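Asks: In this note's numbering, the protein residues as written are 9 to 122.
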Ligand code: AMP
Ligand code: ZN
């Protein structure tokens with residue numbers, strides 16, 4: 009997608025701190041972190057939101073979750089815990105319409121979310 013900011017990050021057309029990459033997904037640091045560790049994991053193919061997923065996307069979404077938990081291990085977040093979040097649509101506060109999994113850790117988080 010030409011105007012998608014995350015597609016541009018994936019294509020290295022705009023700068024970001026990439027912390028993980030494989031054939032299907034990329035992980036990079038959030039530009040405005042809301043926790044000491046805040047990493048976004050995105051599929052390389054452009055999918056706008058969770059609502060648009062098809063059965064063909066299952067393995068990619070599984071890969072996002074799996075690599076996020078592997079990365080949490082590398083960041084030493086396993087003992088204290090961490091949060092994985094998909095915001096879907098307007099009421100959830102989704103701002104970038106290219107699916108992304110937030111990995112948040114390094115502080116105590118409240119529930120319910122705001
Ligand atoms: P969401 O509200 O779930 O759509 O989250 C979008 C996230 O993308 C926010 O946490 C933003 O800080 C983050 N973000 C926006 N632009 C960039 C960028 N250029 N590089 C890294 N993260 C970004
Ligand atoms: Zn995109």
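Virtual Cβ for every residue (Gly too), placed ideally from N, Cα, C. In this text the structure is predicted, and so the values were computed from the model without any measurement.
Closer than 7 Å from C-beta to any heavy atom of ligand 2: which residues, in chain order?
Replies: Working through the chain, the matches are 9, 12, 14, 15, 54, 106.
Asks: Note down the Cα distance separating residue 70 from residue 83, rounded to an integer number of angstroms.
Replies: Cα to Cα, the separation comes out at about 20 Å.
Asks: I'd like to check one pair, residue 18 with residue 50: are the Cβ atoms closer than 8 Å?
Replies: Taking 8 Å as the Cβ cut-off, residue 50 and residue 18 qualify as a contacting pair.
Asks: May I ask you to verify whether the stretch 97-117 touches the stretch 61-77, counting CB pairs closer than 8 Å and requiring at least 3?
Replies: In short, these stretches touch, since the Cβ pair count reaches three.
Asks: Return the CA-CA distance between residue 52 and residue 87, expressed in angstroms with no decimal places.
Replies: Answer to the nearest angstrom: the Cα atoms are 30 Å apart.
Asks: Which same chain residues end up closer than 6 Å to residue 2 when comparing Cβ atoms and leaving out the 5 residues on each side of it in sequence?
Replies: Residue 2 lies beyond the stretch modelled for the chain, which goes from 9 to 122, so this question has no answer here.
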